[in-house]
Every structure is written in C-alpha cells, then in structure tokens.
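Report on the structure given below.
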Amino acid sequence: MRIHSKRLKLEGLFLAIAAAIVAAPASQAAELEGSAAVTQARGLIADHLGAVQGVAEDAFEARDTVVDRDGTTHVRFDRTYQGLRVIGGDVVTKSRRGQLAATQSTLRSQQRPSLRARISRDAAAVEAGARFNGKVSQVHGNQLVVYARGAKPVLAYEVTLQGEETRTHSGFVTYYVDALSGKVLDVQDRLQTAGAVGTGKTFYYGNLSIATDQKSATKFDLIDTTRGNGSVYDAKGAAISNLFDILFATLGASLFTDTDNVWGNNALSDRATVATDIHYGVGATWDYFKNVHGRNGLYNDGAGIKSYAHTNFKRADGSTTGVNAAYFALTKVMFYGDGDATRGYGPIVGIDVAGHEMSHGVNAATANLAYSGDAGGLNEANSDIFGTLVEFYANNPADPGDYRIGEIMRTGGLAFRDMYNQGVDGKSFNCYIAGGFDPNLGAGGIHDPHYTSGVGNRFFYLVSEGAVVPAGSGLTPAQLVCNGDTGITGIGRDKAGKIWYRALTTKFTSSTSYPQARAATIAAAGELYGAGSPEQAAVARAWSAANVN
Numbered sequence: 429m430r431i432h433s434k435r436l437k438l439e440g441l442f443l444a445i446a447a448a449i450v451a452a453p454a455s456q457a458a459e460l461e462g463s464a465a466v467t468q469a470r471g472l473i474a475d476h477l478g479a480v481q482g483v484a485e486d487a488f489e490a491r492d493t494v495v496d497r498d499g500t501t502h503v504r505f506d507r508t509y510q511g512l513r514v515i516g517g518d519v520v521t522k523s524r525r526g527q528l529a530a531t532q533s534t535l536r537s538q539q540r541p542s543l544r545a546r547i548s549r550d551a552a553a554v555e556a557g558a559r560f561n562g563k564v565s566q567v568h569g570n571q572l573v574v575y576a577r578g579a580k581p582v583l584a585y586e587v588t589l590q591g592e593e594t595r596t597h598s599g600f601v602t603y604y605v606d607a608l609s610g611k612v613l614d615v616q617d618r619l620q621t622a623g624a625v626g627t628g629k630t631f632y633y634g635n636l637s638i639a640t641d642q643k644s645a646t647k648f649d650l651i652d653t654t655r656g657n658g659s660v661y662d663a664k665g666a667a668i669s670n671l672f673d674i675l676f677a678t679l680g681a682s683l684f685t686d687t688d689n690v691w692g693n694n695a696l697s698d699r700a701t702v703a704t705d706i707h708y709g710v711g712a713t714w715d716y717f718k719n720v721h722g723r724n725g726l727y728n729d730g731a732g733i734k735s736y737a738h739t740n741f742k743r744a745d746g747s748t749t750g751v752n753a754a755y756f757a758l759t760k761v762m763f764y765g766d767g768d769a770t771r772g773y774g775p776i777v778g779i780d781v782a783g784h785e786m787s788h789g790v791n792a793a794t795a796n797l798a799y800s801g802d803a804g805g806l807n808e809a810n811s812d813i814f815g816t817l818v819e820f821y822a823n824n825p826a827d828p829g830d831y832r833i834g835e836i837m838r839t840g841g842l843a844f845r846d847m848y849n850q851g852v853d854g855k856s857f858n859c860y861i862a863g864g865f866d867p868n869l870g871a872g873g874i875h876d877p878h879y880t881s882g883v884g885n886r887f888f889y890l891v892s893e894g895a896v897v898p899a900g901s902g903l904t905p906a907q908l909v910c911n912g913d914t915g916i917t918g919i920g921r922d923k924a925g926k927i928w929y930r931a932l933t934t935k936f937t938s939s940t941s942y943p944q945a946r947a948a949t950i951a952a953a954g955e956l957y958g959a960g961s962p963e964q965a966a967v968a969r970a971w972s973a974a975n976v977n
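Structure follows, in structure tokens:
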C-alpha cells in the first residue's frame, strides 16, 4: 500500500509538472503583452497579414522577444484561428525603426478549415489509444486545434496520453487526430528526446552528473540523449568470442534503467556502478572528438554507440576472463569486462579504455587499418593515442592524464601499457624492426597488434613531450629513444593529436605500414602547420627516434 500511495503521489506530481509546462507559455505571453516591442510587432502584423499568411480571424499571442544592440526587434508569436491554437502557425517578426523587415513562418497557406468536427473527442482518444499500443492511465488533454503542419490546415484533436511506455515511445505522448477522418496526423513523444541529468555513483571517479533519458516520472534509461543516444546495457556475464556469442549476448542484455536517476553506489554491489563509469567515459570520448576534431560521433553521423557492461571474454582453453574490453565493428558495439580482483585487476571501465575502444570505431569508419602486421600495430596505437588524449581532455582529478593505459584499473602501480616504454612487458616493441612486422606472426603471436603498437605509442609520446622522462618511470632519456637522439623536443599533445587525426582520416589506408605512417604524418604536419615548420620537423625526428625511417 505504501508503494502504491507513493506511486500515486508521483504520478500526481508528474501531471502537475506537465500542466505547469503547458501553462508556462501563456503566463510568459501575458507578461510580454504590455511591452512596446510586442505592441509594435502586432501592429505590423495587422498591416501586413499577407506577409505572415494570415487571415482576418487569426490572432497572435507573443511568446518571446529579443532586441539586438542596434534596435532590431525579433518577436515570436503563437497563432490562433477563431480561438483555436494553430499548430505550426507560429511566426517570428523582425523589425527595425518601426518597419517590418522580415518574417519567419512555416504556415504557407491562407486556407482555414471548417470548424465542424465529424468525430467526437472520445473517438479521437480511442484512435490515439490504438496508436499508443500500451496501457493508458490518463487522457491528459483532448482539445480541438487547427493542425497546420501538413499540406493545408485541418481541424484536429490534440490528444495527450499518459500510460506505460513501450519499446517505441515513452509514457507521455501527444497525438494529432484529424477531426473529420479520424486519421492520426502526427505523433510527438514528449519525453523520448528530453535529456535528463542524473547522478552516477561511479567506481573510479566518485559522484558525477551524467546525461540520461527520462521516460516517466519514475523511469530513467541510461541513454545519453545529448550524444547520439549512446546507451549502456547489462550483458549479465555473457561470454563472447565470435559473432554468434555477440548476438546472443546483445539479445540477452538489458538496458540499465532506474527509478530516481541516481545510478550505482560507488561499489560493485550495485551492477549499475560500473555502467556509470562506462557512460562517463563514452561521453568524454564523444566530447573530445566533437570539440577538438569536429567529429560528430564515431562514424561522424551523430549516432551514439551501445556499450555492454559485465561481459566475459572466452579464452582459447575454454575458460573466461573479465580482464578485457572490446569493440566489435560489424555491429558497432562495445563490451567491458569486470576485471579480476584476485589478479589485481579492477573493472575494465576507465576513461582511457572507453576512449581506446571508441577509437577503434573511428578507425573503422576512416582508415580501417587492418589488425595485423604494421597496420595492426598502428590500429592499436591509434586507440591508445586517442584514449590517452581523451583522458587528458577529461581532466578528472581521480584519474589525471598520463601516457599509461589503464593504470587506474590495476594495483601495485602497474598499467596495461606504458606508451613511452611498452617493451617493459617483455613482449612489446619500443623500436621498429628491419622489414617490419609479419602479419603471419600476429593474432596472439610475437607480432600481435597489442605488442607492435609500442612503436606508434613511443612516437606519439616523443612528438608530444620530447625525450622528457616521465615522473616515477625510473628511465633515463637514452631509454626513451631508439637512436640516441635525447635532444628531441615535443610540440605538445594538442598539435600532435591533430596531426595524427588528419593522417588517420585523410591519408592512412587499411594496409599502411609504419614507414608510410611516417610519410603521412609528416605530410599532415605540413598541411596543418606549414612545409618546413618546426612541427613537421618534430614529427620526422620523433619517428626516427622510434627507428621508423
């Protein structure tokens, strides 16, 4: 009974908020009516009705006004016809020194419909309910309007339904139903695209504000409506290694949802905790590519990516591990493991991991570097480079930017890779070898892309920072270079990142080798900063310091 009572109160609150939202424009308009700008603009409309596709029975109610420094006035009006709101009839006037300069309006017809309805309000509600295709708890508004978004204005009912959300819409939807034929003319989900701001109680980064999707007063989805509707799902421990596994895992996964828009508890006892780390990292990566490189999503199409938390990864011996993360280009999805505490690995959901995995998507959309030989090393280096740049961009004090991959997820001061000295793992290459890397020795062999990426990573560290020893690394300048050139000076991460991005997106191909990458980045530096520039010289010198000549 307590739960039911609370739900009723929340529904009542939700309806009150919705009513306030509907009433707000009317209140604001009343405050504007007495202003000189509105009075003048209304007089101009009356004198020039044709300019706004008006008729004598149209009336205009001010909703907003903006006055420029030079006195130019912009007034936005809502329109009514014989007292009925005209949906799509709003108009903006622009005037200066009492003269109408321009109007903006989508209504292009002076036709107005007969105001005799052939179907009743109840019949309109039934038609809307049939489209809602779910349990309707309340008809929240059902009134006649003039619908003017089609080829010509028609009389219609504006019906707003509240009820249970479905797979296709939220629980608060407005329908426009033709008052003559009963045909549904338009459907507008009032909450589907309205982003909310929730609190993510992450595992690594404390409590953060995160963008979510509000479906109802007590229903939120872990979908970032501000970044292409990227979303996070619970894979529920599904193990993957092939396409069938991946399809099975995604079909069995559940979108993370919440009732109060507070996600996780900063601990692994709540499955949503690591999902918020992922959500945060994906958002930081999106922002980095958009704000630094002007890239709108991984494929530059404005679309977000689905991420799957709590994934396991199959080993060759049939066992599974949570110490991994992966991007799968075929279906454009990402998977994150839960780590392995017994081996000193926390959940694999750090910022640089999110940046790394999403950057595999950027590569797939651009150069599509192969995953073997030199190209495989460049592929992995590309993801480490951008993952690192995302970490610096996020500038989170809990995980300061550095050139170490995944250090926040390992105990004992270890990292997955140190970009400046990847060979410390005993498997990776810091320096390019004569003849390049053999594709036949990849895929788990000695020329696996995760090992050959060390050459590209060292180059990027050197071109960004120069032969400067990272604090706490215990290295000497001579150990940072392959050719003894300890005097190399960096050009900074910002320039280095832009050079790399330009080479990736305009010059690399699927089979680019390290020497070809050298030539491509030198060319990119020349295009960005000038032929013979210090930046171009630094790129060449950094590649030489990684034995790529």
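Its first residue numbered 429, the sequence shown is counted upward by one per residue in this note's numbering. Even for Gly, the Cβ is constructed at its ideal location relative to N, Cα and C. In this text the structure is predicted, and so the values were computed from the model without any measurement.
Three-state secondary structure assigned by DSSP to GLY557: helix
First through last residue of the alpha helix (DSSP H) which encompasses THR467: In the DSSP assignment, THR467 falls within the unbroken alpha helix (DSSP H) covering 464 to 475.
As assigned by DSSP and simplified to three states, the class of GLN850: helix
For SER421, the nearest candidate out of GLY805, ALA737, ARG699 (CA to CA): Residue coverage of the chain in this structure runs from 429 to 977, which leaves residue 421 outside it and unanswerable.
Chain-order list of residues whose beta-carbon lies under 8 Å from that of PHE525 (same chain, five-residue window excluded): Inspection of the sequence shows that residue 525 is occupied by Arg rather than by Phe. Here the set comprises GLY499.
CA nearest to the CA of GLY958, picked from VAL976, LYS923, TRP971: LYS923
Whole-angstrom C-beta distance between ASP705 and THR630, which should lie under 8 Å: 5 Å
Beta-ladder partner(s) of GLU489, from DSSP: ASP506
Rounded Cβ spacing between ASP606 and ALA584 (contact assumed at less than 8 Å): About 6 Å separates the beta carbon of ASP606 from that of ALA584, a gap short enough to meet the 8 Å contact definition.
Cβ separation of VAL514 and VAL574, assumed to be a contact under 8 Å, to the nearest whole Å: 5 Å
Residue(s) in a DSSP beta bridge with PHE763: Beta-bridge pairing links PHE763 to TYR736, ALA754.
Contacts around VAL761, its chain only, beta-carbon distance under 8 Å, and the 5 residues preceding and following it disregarded: ILE674, THR678, ILE733, LYS734, SER735, TYR736, TYR755
Alpha-carbon to alpha-carbon, LEU589 and SER811: 46 Å
Start and end residues, alpha helix (DSSP H) containing ARG969: That run of the alpha helix (DSSP H) goes 962 to 973.
C-beta atoms of VAL818 and THR713 nearer than 7 Å: yes
Outcome for ASP506 when other beta-carbon atoms lying within 10 angstroms are tallied against a minimum of 16: ASP506 should be labelled buried.
Pairwise C-alpha distance: PHE936 and PRO962: 23 Å
From GLN964, ALA952, ALA945, GLY960, residue whose alpha carbon lies closest to that of ASN977: Taking only the C-alpha atoms, the option nearest ASN977 is ALA945.
Residue interval of the beta strand (DSSP E) (run including GLN907): It is not in any beta strand (DSSP E) - GLN907 carries neither H nor E in the DSSP assignment.
Buried versus exposed call for HIS476 [16 or more other C-beta atoms within 10 Å across all chains shown]: So HIS476 counts as exposed.
Pair within 7 Å by beta-carbon distance, SER537 and ALA529: no
At least 3 beta-carbon pairs within less than 8 Å: the segment 793 to 801 vs the segment 850 to 863: no
Backbone secondary structure at LYS718 - three-state DSSP: helix
Element boundaries [alpha helix (DSSP H), containing GLY884]: 877 to 893
Inter-residue Cα distance where the pair is GLY562 and HIS568: 15 Å
Straight-line gap, ASP853 to PRO867 (C-alpha atoms, nearest Å): Computed Cα separation, rounded: 21 Å.
For SER697, the three-state DSSP class (helix, strand or coil): The answer is coil: DSSP assigns SER697 none of H, G, I, E or B.
Cβ neighbour criterion (16 or more within 10 Å) applied to GLN566: exposed
Sequence-distant residues of its chain with Cβ nearer than 8 Å to ALA484 (five each side left out): LEU477
Close Cβ partners of TYR889 (< 6 Å) along its chain, the five nearest in sequence each way excluded: TYR831, MET847, TYR848
One or two residues paired with LYS742 in a DSSP bridge: Under DSSP, LYS742 shares a beta bridge with THR748.
Whole-angstrom distance between TYR661 and GLY680, CA atom to CA atom: Rounded to the nearest whole angstrom, the CA to CA distance from GLY680 to TYR661 is 10 Å.
Of the listed residues PHE763, VAL891, GLY692, ALA803, nearest to TYR633 (C-alpha basis): Selected option, being the one with the closest Cα: GLY692.
6 Å Cβ shell around ALA952 - same chain, five flanking residues per side excluded: Taking ALA952 as the centre and dropping the five residues before and after it, the same chain places the C-beta of ILE927, ARG930, ALA931 closer than 6 Å to its C-beta, in chain order.
Pick from GLY746, GLY665, ASP518 that is closest to ALA576, judged by C-alpha positions: When only C-alpha atoms are compared, the closest one is ASP518.
As assigned by DSSP and simplified to three states, the class of LEU535: coil
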